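Structure, as structure tokens:
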Amino acid sequence: MIEIKKVTKKYGNNIAVNNVSFKVGDGEIFAFIGHNGAGKTTLIKCITGIQEFDSGSILINGKSIKKNPVECKKEMAFVPDNPELYEQMKAIDYINFICDMYEVSESDRTERIIKYSKLFEMDDKLNDIIESYSHGMKQKIALICALVHEPKVLIMDEPFVGLDPKAVFDVKEIMKKLTKKGTTIFFSTHILEVAEKLCSRVGIIKKGELVSVGTMKEVKGDKSLESVFLELED
Amino acid sequence: MKKLITLIKVCLKDNMSIFKLKGNASKYKYLPFILALLIMSSFYINADQLMSVLDEVNLQYVIVTMFILGTTIMTFMEGIYKSSGLLFNCKDDDLLLTLPIKRSTVFFIRVLKFYVFELIFNSLFLLPALACYAVHVHPEVSYYLISVLSLLLLPIIPIVLSTIVGIVIAFLSSMFKNKNIMQTYISFIFIGILLIVWSNMGTLFDNLLENAKSINDIIIKVYYPAGLYVNLITNFKVLDLIIFILLHVIPFIILIISLKNVYFSINSKIKIVKKIGSHNKDTSLNIKVTSRGKAFIKKELKRLVNTPVYILNSCFGLVIYIIAIAMINFKIDMFKDMLTTQNGEVLFDITGNIPIVLLLIVVATSLLTNLTCCMISLEGKSINILKSLPIRPIDIIMYKVNTTLTVEVPIMIIGLIVSFINFKINIFIGLLLIICAVILPLISGLIGIIVNLKFPKLDAKDDTEVVKQSMSSFISVMVGMFLTFVSIGLVFKLKELVNANLVVLIATLIFAIIAYLLYLYAKVKGTKDFEKLVV
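As given, the protein sequences belong to chains A and B, one line each in that order.
For the first sequence, my numbering assigns the number 1 to the initial residue and increments by one for each residue that follows.
For the second sequence, my numbering assigns the number 1001 to the initial residue and increments by one for each residue that follows.
In structure tokens:
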């Protein structure tokens, strides 16, 4: 579960996130949408402990990211919008490195690396240097790394960018499977159709303020998510 | 022409980014200028002391030529391992190559970037010498004009030469699968060849001295542009001025025109090799569990060996250590001669003070070897990966410092053990020196990481920008040099008071206290600085 309470983040005088509060429950897929520069990535960085915030609190499964960052991060995985991985490493070495950091046992990591690399059609490319990969392939490696330690909370910033249609389908299926196991999924996206079809709840952020949050039905009513989003942004 | 001016403006603005400090570091915005002034002042004081001797024989221009020769050699040596990183495989290649501009303009912009940085670097050394000459000689206005022109022109020849060497290195390394590692090896080979040539130039200089009619004659024979500059400031002739300008401008134009196509062919070859060469047909997966620390150090070492400019720049101190240990063990008589005056007076008894000599070698080379000063900056945007990992910031900091120890300590200890056997050092002093060989790289590593956390450069375009053009590298080198001078001074002061063995013991205790204080600082302030890092 993710609990965000009155979080504010400023860059100098510029308020990037203003007094934002909401919850994402266990087994829930939450889509976070907003224009470029609305504050999505800033809030995601605050949730994952990458960035400090000025006020408020963020709880991951009841633990504060400010007070217990290491404990929170153990239960969390993050997929950034632009997969900046360690380019000089072979993909398998990089995944192994992430597994070492999360202390995943040898048998678990072997099983999961094989499972996810086959699913993303990367099993015959894991011995290649990451530098030689396309954007989409790097994104797949970032996803494998996020899934390999079976996080209880999965946070993704624009996870579908650069992925081929099959990979997009696979990621959506994985997300659905994970929620059945009780995993909390929070992701930002510009693809409103995906958000509409996949998510149980949605939040719309505009100029750092949460302008709408709730179940998909509460937010959009009988309209499409696209028209609601455009109305709120106007 | 308008396009070229716009591109030059962008290029210059980019070069000045070393002085642009963001976020928390912006409160230290005057620090680079203060450090630059300190360095220039210390060079001015040195030049002034030498000048007072030269005033008596009216050979003041010797100072200026010494500084010109020194900076030219430094620019060339540095350029060898910097040029291939600065010129090839730049992140803005795709952007520039899609713009409607000539290829020669793109190549010109690349070399210009290199030139501007070297111009700033050279000015730090040359300006004090030029100012010192002006203060002592009171020359005419023409001196100032010629000197400004020379300041602008002098970096060109070493840059042209090192660009050619850089292109050769890039060409040779592009033929191999592991281009980056090969670039490191080939650069080391080139520097090794240069050092061998340099060490065999003694007889050449002797011949020059024997056949020279005057000091200026020697200078002209050693480096023609420097001699020409002396002619211009002592006996101005328009023809000399024209030759001086053409001597610098023509090689630059020839370089741009003749090598532009070679440059682009190698640049594209490097990229093709990167794509094809790195594909591995082996599908067997090497999955194994490693401890966090070991896995982290492995990752850092991989980064180090894959970044030629990083390894060449950071490990220079280690190369000096190996040379110094070899010289002390196998060529000690040479040092004895150097430290004995013509009257037979021994300035420093080297054989009677071997523990102190070994301590000084460890101090100087450890403090001048700094791998950690770029480690945070080299993370770039992947710093977010580190920050999202379930590891305490102080552990990340210490894993990075431990990488330095993994590289440095074994080499240092092997060198010391060879010396212990050779000079029959007693076990207690040997043990203290080995402790120093661990503590001093630890101090250097902690200083580097603390400075890098204060002055991170996470948005660099390439590795060379981080390693050679970042505030963190600059400050770490300055702090390392300062601490080396202080430590050497302290050791000699202690030597006057107590015997050599006690000097080593006291120095070890002082270094241990410094290391502990630095660790505490890294734990408290370093952790906070790490948490503030944002991309």
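Glycine included, C-beta positions come from ideal geometry on N, C-alpha and C.
The structure displayed is predicted, hence computed values, not measured ones.
Would you mind telling me which residues of chain B sit closer than 7 Å to residue 78 (chain A), beta carbon to beta carbon, in chain order? Your numbering for residue 78 (chain A) matches position 78 in the first sequence. The answer, in chain order, is 1388.
Terminal residues of the alpha helix (DSSP H) in which residue 30 (chain A) lies: The sequence position of residue 30 (chain A) within the first sequence is 30, counting from 1. Where residue 30 (chain A) is concerned, there is no enclosing alpha helix (DSSP H), although the beta strand (DSSP E) it sits in stretches over 29-33.
Please return the same chain residues whose Cβ sits closer than 8 Å to the Cβ of residue 23 (chain A), not counting the five positions on each side in sequence. Position 23 of the first sequence, counted from the start, is the residue given in the question as residue 23 (chain A). Spatial neighbours of residue 23 (chain A) in its own chain (CB-CB distance under 8 Å, excluding positions within 5 residues in sequence) are listed in chain order as 1, 2, 3 and 4.
According to DSSP, is residue 1243 (chain B) helix, strand or coil? Position 243 of the second sequence, counting from 1, holds the residue named residue 1243 (chain B). Shown here, residue 1243 (chain B) sits in a helix according to DSSP, grouped into three states.
The beta strand (DSSP E) that contains residue 215 (chain A), what's its start and end? Numbered from 1 along the first sequence, position 215 holds the residue referred to as residue 215 (chain A). Element bounds for residue 215 (chain A): 209-215.
Rounded to a whole number of angstroms, what is the C-alpha to C-alpha distance between residue 1492 (chain B) and residue 1474 (chain B)? Indexing the second sequence from 1 puts residue 1492 (chain B) at position 492. Indexing the second sequence from 1 puts residue 1474 (chain B) at position 474. Answer to the nearest angstrom: the Cα atoms are 27 Å apart.
Does DSSP put residue 64 (chain A) in a helix, in a strand, or in coil? For this step, residue 64 (chain A) is matched to residue 64 along the first sequence. Three-state result, residue 64 (chain A): strand.
At 3 residues or longer, what runs of the beta strand (DSSP E) sit wholly inside the segment 159-222 of chain A? Fully enclosed beta strand (DSSP E) runs of 3 or longer: 184-188, 201-206 and 209-215.
Report the partner residues of residue 1178 (chain B) according to the DSSP bridge assignment. Stepping through the second sequence from its first residue, residue 1178 (chain B) is reached at position 178. In the DSSP assignment, residue 1178 (chain B) forms no beta bridge with any residue.
Helix, strand or coil for residue 93 (chain A)? Go by DSSP, reduced to three states. For this step, residue 93 (chain A) is matched to residue 93 along the first sequence. Note: residue 93 (chain A) maps to helix in three-state DSSP.
For residue 18 (chain A) and residue 203 (chain A), what's the separation of their Cα atoms in angstroms? Counted from its first residue, the first sequence places residue 18 (chain A) at position 18. Counted from its first residue, the first sequence places residue 203 (chain A) at position 203. Computed Cα separation, rounded: 14 Å.
Check the Cβ of residue 49 (chain A) against every Cβ in chain B and list those closer than 9 Å, keeping chain order. Within the first sequence, residue 49 (chain A) is the residue found at index 49, counting from 1. Result: 1387, 1388 and 1531.
Residue 16 (chain A) (DSSP reduced to helix, strand or coil): Your numbering for residue 16 (chain A) matches position 16 in the first sequence. In the three-state reduction of the DSSP assignment, residue 16 (chain A) falls in the strand class, which pools E and B.
Whole runs of the alpha helix (DSSP H) within the segment 1060-1106 of chain B, excluding any shorter than 4 residues: Secondary structure within the segment 1060-1106 of chain B: the alpha helix (DSSP H) runs of 4 or more consecutive residues, fully enclosed, are 1061-1087 and 1093-1098 (chain order).
Hey, residue 1448 (chain B) and residue 1487 (chain B): beta-carbon distance below 9 Å or not? The residue you call residue 1448 (chain B) lines up with position 448 of the second sequence. The residue you call residue 1487 (chain B) lines up with position 487 of the second sequence. Taking the C-beta atoms as reference points, residue 1487 (chain B) is found no nearer than 9 Å to residue 1448 (chain B).
Reference residue 1408 (chain B); option with closest CA among B:1370, B:1397, B:1429 and B:1379: Reading the second sequence from its first residue, position 408 is the one you call residue 1408 (chain B). Out of B:1370, B:1397, B:1429 and B:1379, B:1370 has the C-alpha closest to the C-alpha of residue 1408 (chain B).
Can a CB atom of chain B be found closer than 9 Å to the CB of residue 188 (chain A)? Working through the first sequence from its first residue, we reach residue 188 (chain A) at position 188. With 9 Å as the cut-off, residue 188 (chain A) does not count as an interface residue toward chain B.
Just the C-alpha distance for residue 183 (chain A) and residue 129 (chain A), rounded to the nearest angstrom, thanks. Here residue 183 (chain A) is taken as the residue at index 183 of the first sequence, counted from 1. Here residue 129 (chain A) is taken as the residue at index 129 of the first sequence, counted from 1. One alpha carbon belongs to residue 183 (chain A), the other to residue 129 (chain A), and they sit about 31 Å apart.
Residues in the segment 92-116 of chain A with C-beta within 9 Å of chain B's C-beta atoms, listed in sequence order? Of all residues in the segment 92-116 of chain A, 92, 93, 94, 95, 96, 97, 98, 99, 100, 101, 102, 103, 104, 105, 106, 109, 110, 113 and 114 have a Cβ within less than 9 Å of some Cβ in chain B.
Indicate whether residue 236 (chain A) and residue 38 (chain A) have their beta-carbon atoms separated by less than 9 Å. In the structure as shown, chain A begins at 1 and stops at 234. Residue 236 (chain A) is therefore absent and cannot be evaluated.
Ignore the nearest five residues each way along the sequence and tell me which others in residue 1411 (chain B)'s own chain have a CB closer than 8 Å to its CB. Translated into the one-based positions of the second sequence, residue 1411 (chain B) becomes position 411. Here the set comprises 1318, 1321 and 1322.
Can you tell me whether residue 1334 (chain B) is buried or exposed, with buried defined as 16 or more other CB within 10 angstroms of its CB? Counting from 1 along the second sequence, the entry for residue 1334 (chain B) is found at position 334. With fewer than 16 Cβ atoms within 10 Å of its Cβ, residue 1334 (chain B) is classed as exposed.
In terms of residue numbering, what span does the alpha helix (DSSP H) encompassing residue 1 (chain A) cover? Position 1 of the first sequence, counting from 1, holds the residue named residue 1 (chain A). Careful: residue 1 (chain A) lies outside any alpha helix (DSSP H) and carries neither H nor E.
Residue 42 (chain A) to residue 105 (chain A) span [Cα, whole Å]: Taking the first residue of the first sequence as 1, we reach residue 42 (chain A) at position 42. Taking the first residue of the first sequence as 1, we reach residue 105 (chain A) at position 105. Distance between the alpha carbons of residue 42 (chain A) and residue 105 (chain A) is about 33 Å.
Identity of the residues DSSP links to residue 57 (chain A) by a beta bridge: The sequence position of residue 57 (chain A) within the first sequence is 57, counting from 1. In the DSSP output, where bridge partners are listed per residue, residue 57 (chain A) has A:5.
Going by Cα to Cα distance, which pick from B:1106, B:1099 and B:1433 is closest to residue 1259 (chain B)? Here residue 1259 (chain B) refers to the residue found at position 259 when the second sequence is read from its first residue. Distances from the alpha-carbon of residue 1259 (chain B) to those of B:1106, B:1099 and B:1433 put B:1106 closest.
For a contact defined as C-beta to C-beta under 7 Å, what are the partners of residue 126 (chain A) on chain D? As a matter of chain content, chain D is missing from the structure shown, whose protein chains are A and B.
Along the chain, where does the beta strand (DSSP E) containing residue 77 (chain A) start, and where does it finish? Walking along the first sequence from the start, residue 77 (chain A) turns up at place 77. Start and end: 76-79.
Count the C-beta pairs between the segment 1234-1252 of chain B and the segment 63-82 of chain A that are closer than 8 Å, then say yes if the count reaches three, no if not. Cβ pair count under 8 Å is below three, so no.
Euclidean distance between Cα positions of residue 1495 (chain B) and residue 1367 (chain B): Here residue 1495 (chain B) refers to the residue found at position 495 when the second sequence is read from its first residue. Here residue 1367 (chain B) refers to the residue found at position 367 when the second sequence is read from its first residue. Taking the straight line from one Cα to the other gives about 21 Å.
Determine the closest residue to residue 1119 (chain B) out of B:1072, B:1168, B:1100 and B:1043, with distance taken between C-alpha atoms. Position 119 of the second sequence holds residue 1119 (chain B). Comparing Cα positions, the closest option is B:1072.
Pairwise C-alpha distance: residue 195 (chain A) and residue 31 (chain A): Mapped onto the first sequence, residue 31 (chain A) falls at position 31. Mapped onto the first sequence, residue 195 (chain A) falls at position 195. In a straight line, the C-alpha of residue 31 (chain A) is about 6 Å away from that of residue 195 (chain A).
For the segment 1164-1175 of chain B against the segment 1084-1101 of chain B, do three or more pairs of beta-carbon atoms, one drawn from each stretch, fall closer than 8 Å, so that the two count as touching? Between the segment 1164-1175 of chain B and the segment 1084-1101 of chain B, the count of C-beta pairs closer than 8 Å reaches three or more; the two stretches touch.
Could you tell me which residues DSSP pairs with residue 157 (chain A) in its beta bridges? What you label residue 157 (chain A) is simply residue 157 of the first sequence in a count that begins at 1. Beta-bridge pairing links residue 157 (chain A) to A:188.
From B:1521, B:1175, B:1068 and B:1182, residue whose alpha carbon lies closest to that of residue 1266 (chain B): Stepping through the second sequence from its first residue, residue 1266 (chain B) is reached at position 266. That would be B:1175, whose Cα lies nearest to the Cα of residue 1266 (chain B).
Are residue 1363 (chain B) and residue 1283 (chain B) touching if we call contact CB-CB under 9 Å? Sequence index remark: in the second sequence, residue 1363 (chain B) carries index 363 (1-based). Sequence index remark: in the second sequence, residue 1283 (chain B) carries index 283 (1-based). No, the pair does not count as a contact, with Cβ atoms beyond the cut-off.
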